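Trainee: Please see the structure below; I have some questions.
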Amino acid sequence: MKVNLHPLRTAGLIVLLALTTLTGCVPDGGSTARKPPATPAHDPNFTMLFVPQSRNEVVVIRDNRGGNVMRAIKRRNELERWGGRVEVRGYCGSACTLFITLPNACLGPGAVVGFHAPRIPNTTYIPPGVDEIMALYYRNGILARWNETWKRSLEIKKITAKEYVRLDPQTKLCR
Numbered sequence: 009m010k011v012n013l014h015p016l017r018t019a020g021l022i023v024l025l026a027l028t029t030l031t032g033c034v035p036d037g038g039s040t041a042r043k044p045p046a047t048p049a050h051d052p053n054f055t056m057l058f059v060p061q062s063r064n065e066v067v068v069i070r071d072n073r074g075g076n077v078m079r080a081i082k083r084r085n086e087l088e089r090w091g092g093r094v095e096v097r098g099y100c101g102s103a104c105t106l107f108i109t110l111p112n113a114c115l116g117p118g119a120v121v122g123f124h125a126p127r128i129p130n131t132t133y134i135p136p137g138v139d140e141i142m143a144l145y146y147r148n149g150i151l152a153r154w155n156e157t158w159k160r161s162l163e164i165k166k167i168t169a170k171e172y173v174r175l176d177p178q179t180k181l182c183r
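For any residue, its number in the working numbering is found by taking its place in the sequence shown, counting from 1, and adding 8.
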């Protein structure tokens, strides 16, 4: 899918990508897999992507505060290609929210989901264009709320899994 961005937004996105690449050491903790293989490829902090060898295994993303949006998109694409079950449980905020709409994902019934404006770490600067990229991964009422308020909020806006599903009925709840 081609995304057309205004030239100033494109410049802002380039700055964001450069800065987040330099500050990309922000941990994306909370992502683990059940039965990880005993191999160096397993990395629970996703400094390199871990995808189980078998689709019968389950990747659990738990208590994840987010992190770099572009790294989250890269992980999301890998998990989608892999095709096994992905469970989003506990707290899922910021860039973590991009995993919820994976076709092979479910949201834990006790999960709490948090949204806020994408920004350069440790600043209040909201780079142009990143909100539009994140919006590509939201749907229904979640997308509407994102566009109405959440994408401009410097404070995290938390909702329950039940509220998430009410706003986006396509979301599957984990058993």
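A virtual CB, placed ideally from N, CA and C, is assigned to each residue, including glycine.
Computed from a prediction, not measured in an experiment: that's the story for all the values here.
If we ignore side chains and look at the alpha-carbon of each, how far apart do Lys159 and Lys166 end up?
Mentor: So the alpha carbons of these two residues sit roughly 13 angstroms apart.
Trainee: For Leu106, is the classification buried or exposed, using 16 other Cβ atoms within 10 angstroms of its Cβ as the cut-off for buried?
Mentor: It is buried - the Cβ of Leu106 has at least 16 other Cβ atoms within 10 Å.
Trainee: Should Gly116 be listed as close to the ligand SAM, given that the test is whether its C-beta is under 6 angstroms from any heavy atom?
Mentor: Absence of the ligand SAM is noted for the structure shown, with no ligands found whatsoever.
Trainee: Roughly how many whole angstroms lie between the Cα atoms of Cys100 and Lys180?
Mentor: Using only the alpha carbons, I get a separation of about 15 angstroms.
Trainee: Looking only at its own chain, which residues have a Cβ that is under 8 angstroms from the Cβ of Glu163, when we skip the five neighbours before and after it?
Mentor: The residues are His124.
Trainee: What residue does the alpha helix (DSSP H) around Ile141 start on, and which one ends it?
Mentor: Val138 to Ala143 is the extent of the alpha helix (DSSP H) around Ile141.
Trainee: Exposed or buried, Pro117, counting other C-beta atoms within 10 Å across all chains shown (16 or more means buried)?
Mentor: Counting Cβ neighbours within 10 Å, Pro117 comes out exposed, since fewer than 16 surround it.
Trainee: Would you be able to state if there are at least three C-beta pairs under 8 angstroms between the segment 60 to 69 and the segment 83 to 93?
Mentor: Taking 8 angstroms as the limit for Cβ pairs, the verdict is that the segment 60 to 69 does touch the segment 83 to 93.
Trainee: Distance, Cα to Cα, Arg83 vs Leu151?
Mentor: Whole-angstrom Cα-Cα distance: 21 angstroms.
Trainee: Can you tell me whether Pro129 is buried or exposed, with buried defined as 16 or more other CB within 10 angstroms of its CB?
Mentor: Result: exposed.
Trainee: Since Phe123 sits in a beta bridge, which residues does DSSP pair it with?
Mentor: Bridge partners of Phe123: Lys165.
Trainee: Return the bridge partner residues of Ala113 from the DSSP annotation.
Mentor: Ala113 is bridged to Val94.
Trainee: Going by CA-CA distance only, name the one from Arg89, Val77 and Ala80 that's closest to Ser62.
Mentor: When only C-alpha atoms are compared, the closest one is Arg89.
Trainee: What does the Cβ neighbour count give for Leu144, buried or exposed, with the cut at 16 atoms within 10 Å?
Mentor: Exposed is the call here.
Trainee: Looking at the structure shown, is Cys100 part of a helix, part of a strand, or coil, going by DSSP?
Mentor: In this structure, Cys100 counts as strand in the three-state DSSP scheme.
Trainee: Assuming Ile108 is part of the beta strand (DSSP E), what are its boundary residues?
Mentor: Element bounds for Ile108: n/a, residue is neither H nor E.
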